[in-house]
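Quick mapping for you: the protein sequence lines, in order, are chains A and B.
Last residue of the first sequence: 1073 in the working numbering, with the numbers rising by one and none dropped.
Last residue of the second sequence: 538 in the working numbering, with the numbers rising by one and none dropped.
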Amino acid sequence: MIAALLVALLVMALGAVILGATLGYAAVKFRVEGDPLVEKIDSILPQTQCGQCGFPGCKGYAEAVARGEAEINCCPPGGEEGIRKLADLLGREFKPFSDGFNIEKPKSTAIIDEQTCIGCTLCIQACPVDAIVGAAKQMHTIIAGQCTGCELCLPPCPVNCIAMVPITENVVTWKWKYPAFSIGKAA
Amino acid sequence: MSLRKLFNFHGGVKPAYNKEASIQLPIAAAPLPPELVIPLHQSIGGTPRPLVSAGEHVRKGQLIGAPDGYVSSAVHASTSGTVKAVELRLMPHTSGLSAFCVVIEPDGKDEWGDLAPVPWRSMNSDEVRGALRDAGVVGLGGAVFPSYLKANAGKQGHLNTLVINGAECEPYITCDDMQMREQGEIVVRGAAILRDLTKARQVLIGIENNKPEAIAAMQAAIKATGETNIEAVTIPTRYPAGGAKQLIRVLTGIEVPHGTRSTDYGVQCFNTGTAYAIYEALELGRPLISRIVTVAGNVETARNYEVRFGTPMRDVIALSKAKPDTDRIIMGGPMMGYRMPSDSVPVVKATNCILVGSPALFPPPPPEMPCIRCGECARACPTDLQPFEMYWFSRARLFEKAEAYHLADCIECGCCAFVCPARIPLVDYFRFAKSEVWARETEKDAADQARQRYEFRLEREERDKQEKAARLAAKAAETKAKLAQAGSGDAALIAAAAARTQEAEGKSNAE
Ligand code: SF4
Ligand code: SF4
Ligand code: SF4
Ligand code: SF4
Chain A
887 MIAALLVALL VMALGAVILG ATLGYAAVKF RVEGDPLVEK IDSILPQTQC
937 GQCGFPGCKG YAEAVARGEA EINCCPPGGE EGIRKLADLL GREFKPFSDG
987 FNIEKPKSTA IIDEQTCIGC TLCIQACPVD AIVGAAKQMH TIIAGQCTGC
1037 ELCLPPCPVN CIAMVPITEN VVTWKWKYPA FSIGKAA
Chain B
28 MSLRKLFNFH GGVKPAYNKE ASIQLPIAAA PLPPELVIPL HQSIGGTPRP
78 LVSAGEHVRK GQLIGAPDGY VSSAVHASTS GTVKAVELRL MPHTSGLSAF
128 CVVIEPDGKD EWGDLAPVPW RSMNSDEVRG ALRDAGVVGL GGAVFPSYLK
178 ANAGKQGHLN TLVINGAECE PYITCDDMQM REQGEIVVRG AAILRDLTKA
228 RQVLIGIENN KPEAIAAMQA AIKATGETNI EAVTIPTRYP AGGAKQLIRV
278 LTGIEVPHGT RSTDYGVQCF NTGTAYAIYE ALELGRPLIS RIVTVAGNVE
328 TARNYEVRFG TPMRDVIALS KAKPDTDRII MGGPMMGYRM PSDSVPVVKA
378 TNCILVGSPA LFPPPPPEMP CIRCGECARA CPTDLQPFEM YWFSRARLFE
428 KAEAYHLADC IECGCCAFVC PARIPLVDYF RFAKSEVWAR ETEKDAADQA
478 RQRYEFRLER EERDKQEKAA RLAAKAAETK AKLAQAGSGD AALIAAAAAR
528 TQEAEGKSNA E
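Structure below.
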């Protein structure tokens, strides 16, 4: 009777040890790269990489928010919709932009005045997404499709030849308006 | 006539067809206008690059816009003359926005460039597709999807059924009807080319039973050409029988589920006008430079015209004489058409119909009332959607939820709005929601790209830093080794080396 009980206990204990070891091994072997919460927050952020939040890039801000060290209303390019999404994800209360932070700007891209550019390469060093091409003493150009509109290349330029130009709608990017203000049905 | 078993599609409506007016007279050639404005962007996909500049002389059929990217189609001069400008002009688009167009002043000679038939029978499928792309052939039923992307045999190596769409279910429009009557043989020959390109086992030309002349003409054309495995099939008249998935359902019984393509089921669908254009492109080497356009509605004499692309709509409407109370121009039909910003916009590949409207013909809709969830819209929807749910979420801007109800599968046919007792402009909400969803997807793609580029840059900076550190360490080690070699002998030498080392270190710190 007691022997049977002991055997049962031993089997269970052994099972527990083996399972525990496997789990422990699996945890090490199959560890998820990075913190999933940080990734989730980062996927909401607009990736402008502008640093207005006070962190060097969106990832840095995402980490700070995940650690609870930053508020959710610090990313102007994300707009109120971004705050709302972060609030939803984190189960926190929606918080409007504090004063001076909510300057909603039209989405823009930078353009270099190629006549004025002296080819100093300072803007290349500033661009967080490598959207500027050019070499020393040569004219520089911004690849419009890759510019996030972060404005980080503006201050370093010694001759002030970079300007932000709002992106205009074209036939492909044009959006149908909300029906209350619509042009009405075709017929 | 046909004993073929037909099937029903879900839903659909029976609007007033109003097709009689424009089938009284044969197709007429629209005259050369004083100026042709040919948009570079005329099909789904990219915007072709302009190949000509102001002052250049072009011949009819000359390539003026080269396709850019995978989904794109070439654009050609539709007459001979001088390029006046390549500039922004008002587009035939509801937005009222402009885009780049090649403006040509005709020289009146209407002279073709050199044309050579394409030896498509001895070419491989990629070469044929290239030829169709360079000839600018796109779907002429209204969707303007580049045809070369569809004209292949698919993964199985052959199609079971090739469907040629002559249903033409939309009210007022009769361009396919008239083309089948007058140019049926060429449509059949084009269908035969498509049959051979797609290795289709059978070709079914679906035509609604309200076009008996077109059906008879196509049957005669099939006999006259002697083509095999091609059949003209009469189908019941019900809107939107001319939707690709609906016509496939009616003819083959295959229900193409949400989010899949008909090719997965061995079926592909082309419009009759597209079949005609494919014959012209391959057998005659003629690129697509004109199409048949129905002018109907509030005009004295509704009629079909063969119109060169780039002809201002007002010049075509003038041939039919718009009545004085005209207040709008619609491209397409009353169910799926788009309101034009002006009558000066050009006829393009998508222009199957110019519908002239007036307040009497299309009275303003009664005010919208709240949805009573009666379900009429869901019963009428030919794609088996639940419009009232999609409406609710689109209205509340909850786009993800609207998507969960298969918003992307809505073909904007207008059946739901047609039957809605609350007169809700449902399609307007769906178009709004769709363009918001699409914009978000584009933004998301851009953000993902930016994230990758940013991370790549961080990595590169990190790597550069490490490489520099390694370089410095190597240098320091070298110097030390030299020092050791110099031995204990010359004290002055040692002092000099030490000074150099210090100098190097100082420099590296500064860096
Ligand atoms: S403020 Fe700029 S850097 Fe910071 S999260 Fe927003 S977009 Fe990214
Ligand atoms: S910072 Fe200004 S001057 Fe220097 S390369 Fe960039 S655009 Fe040219
Ligand atoms: S038909 Fe109109 S009222 Fe009826 S459920 Fe659909 S949207 Fe609502
Ligand atoms: S417009 Fe869309 S939702 Fe309405 S009936 Fe047509 S496919 Fe269905």
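Backbone N, C-alpha and C fix where the C-beta goes; we use that ideal spot for every residue, glycine too.
Source: prediction; values computed, not measured.
Close Cβ partners of residue i (< 6 Å) along its chain, the five nearest in sequence each way excluded
{"i": "D352/B", "result": "S385"}
{"i": "A349/B", "result": "V326, V383"}
{"i": "E1000/A", "result": "M1025"}
{"i": "P932/A", "result": "P963, G964"}
{"i": "P314/B", "result": "G88, H103, A162, G163"}
Neighbourhood of residue i by C-beta, 7 Å cutoff - its chain only, sequence neighbours within 5 removed
{"i": "E957/A", "result": "K981"}
{"i": "R341/B", "result": "D370, S371"}
{"i": "G1070/A", "result": "Per-residue confidence for G1070/A stands at a pLDDT of 42, beneath the threshold of 50, marking its modelled position as unreliable; no derived number is given."}
{"i": "K182/B", "result": "none"}
{"i": "I1039/A", "result": "Inspection of the sequence shows that residue 1039/A is occupied by Cys rather than by Ile. If we look at C1039/A and ignore the five residues flanking it on each side, its Cβ neighbours are A996, C1009, A1012, C1013, I1018, I1048."}
{"i": "P1042/A", "result": "L1008, C1009, A1012"}
{"i": "R330/B", "result": "S49, L52, A55, V322, S347"}
{"i": "F1067/A", "result": "Here the model assigns F1067/A a pLDDT of 42, short of 50, so the residue's position is not dependable, and the following value carries that caveat. Contacts found: none."}
{"i": "H433/B", "result": "H285, L412"}
{"i": "V1015/A", "result": "Q935, Q1032, T1034"}
{"i": "V102/B", "result": "I65, L67, Q69, P75, I91, G92, G163"}
Beta-ladder partner(s) of residue i, from DSSP
{"i": "Y332/B", "result": "A55/B, V320/B"}
{"i": "E235/B", "result": "I262/B"}
{"i": "P173/B", "result": "V165/B"}
{"i": "M1050/A", "result": "A996/A"}
{"i": "H84/B", "result": "T109/B"}
{"i": "Y365/B", "result": "M358/B"}
{"i": "H103/B", "result": "L90/B"}
{"i": "N192/B", "result": "G233/B, N298/B"}
{"i": "F457/B", "result": "Partner(s): none; F457/B has no beta bridge."}
{"i": "V1019/A", "result": "T1027/A"}
{"i": "P386/B", "result": "According to DSSP, P386/B bridges with nothing at all."}
{"i": "P922/A", "result": "The partner list for P922/A (beta bridge, DSSP) is empty, contrary to what the question assumes."}
{"i": "L221/B", "result": "For L221/B, which the question treats as bridged, DSSP gives no partner whatsoever."}
Near ligand 1: residue i beta-carbon under 7 Å from a heavy atom
{"i": "T883/A", "result": "Outside the shown range of chain A (887 to 1073) lies residue 883/A, about which nothing can therefore be said."}
{"i": "Y947/A", "result": "yes"}
{"i": "G965/A", "result": "no"}
{"i": "G943/A", "result": "yes"}
{"i": "P982/A", "result": "no"}
{"i": "G140/B", "result": "no"}
{"i": "C1033/A", "result": "no"}
{"i": "C939/A", "result": "yes"}
{"i": "P992/A", "result": "no"}
Proximity test, residue i beta-carbon vs ligand 3 heavy atom, cut-off 7 Å
{"i": "A449/B", "result": "yes"}
{"i": "P414/B", "result": "yes"}
{"i": "G72/B", "result": "no"}
Residues of its chain near residue i, where Cβ-Cβ distance is below 8 Å and the 5 sequence neighbours each way are ignored
{"i": "P392/B", "result": "R450, P452"}
{"i": "G157/B", "result": "Y175"}
{"i": "R400/B", "result": "F415"}
{"i": "P992/A", "result": "P1052, I1053"}
{"i": "P1044/A", "result": "I1004, C1006, L1008"}
Any non-hydrogen atom of ligand 4 closer than 7 Å to residue i Cβ
{"i": "G441/B", "result": "yes"}
{"i": "V454/B", "result": "yes"}
{"i": "I275/B", "result": "no"}
{"i": "F457/B", "result": "yes"}
{"i": "C196/B", "result": "no"}
{"i": "C437/B", "result": "yes"}
{"i": "T201/B", "result": "no"}
Residue i CB to nearest heavy atom of ligand 2 below 7 Å
{"i": "T1054/A", "result": "no"}
{"i": "V1015/A", "result": "no"}
{"i": "T321/B", "result": "no"}
Residue i beta carbon near ligand 6 (any heavy atom closer than 7 Å)
{"i": "A407/B", "result": "The model depicted lacks ligand 6 and carries ligand 1, ligand 2, ligand 3 and ligand 4 instead."}
What runs of the beta strand (DSSP E), each 3 residues or longer, lie entirely inside the stretch 934-1009 of chain A? For the stretch 934-1009 of chain A, whole beta strand (DSSP E) runs of length 3 or above, ordered along the chain, are 994-998.
Does the structure place the stretch 313-323 of chain B close enough to the stretch 248-262 of chain B that three or more beta carbon pairs sit under 8 Å? Output reads no: the stretch 313-323 of chain B does not touch the stretch 248-262 of chain B.
Does the contact criterion of 3 or more C-beta pairs under 8 Å hold for the stretch 73-91 of chain B versus the stretch 42-62 of chain B? With the rule of 3 Cβ pairs closer than 8 Å, the stretch 73-91 of chain B does not count as touching the stretch 42-62 of chain B.
Segment contact flag, the stretch 303-310 of chain B with the stretch 213-221 of chain B, C-beta cutoff 8 Å, min 3 pairs: Verdict: yes, contact present.
Answer yes if the stretch 405-413 of chain B comes into contact with the stretch 158-177 of chain B, meaning at least three C-beta pairs across the two stretches below 8 Å, and no otherwise. In short, these stretches do not touch, since the Cβ pair count stays below three.
Taking contact to mean at least 3 C-beta pairs separated by less than 8 Å, is the stretch 183-195 of chain B in contact with the stretch 284-301 of chain B? At 8 Å Cβ cutoff, the stretches touch.
Count Cβ pairs between the stretch 257-276 of chain B and the stretch 215-233 of chain B that sit closer than 8 Å; are there 3 or more? Yes, the stretch 257-276 of chain B touches the stretch 215-233 of chain B.
Could you tell me whether the stretch 192-201 of chain B touches the stretch 266-279 of chain B, where touching means 3 or more Cβ pairs closer than 8 Å? Three or more Cβ pairs drawn from the stretch 192-201 of chain B and the stretch 266-279 of chain B lie within less than 8 Å of each other, which places the two stretches in contact.
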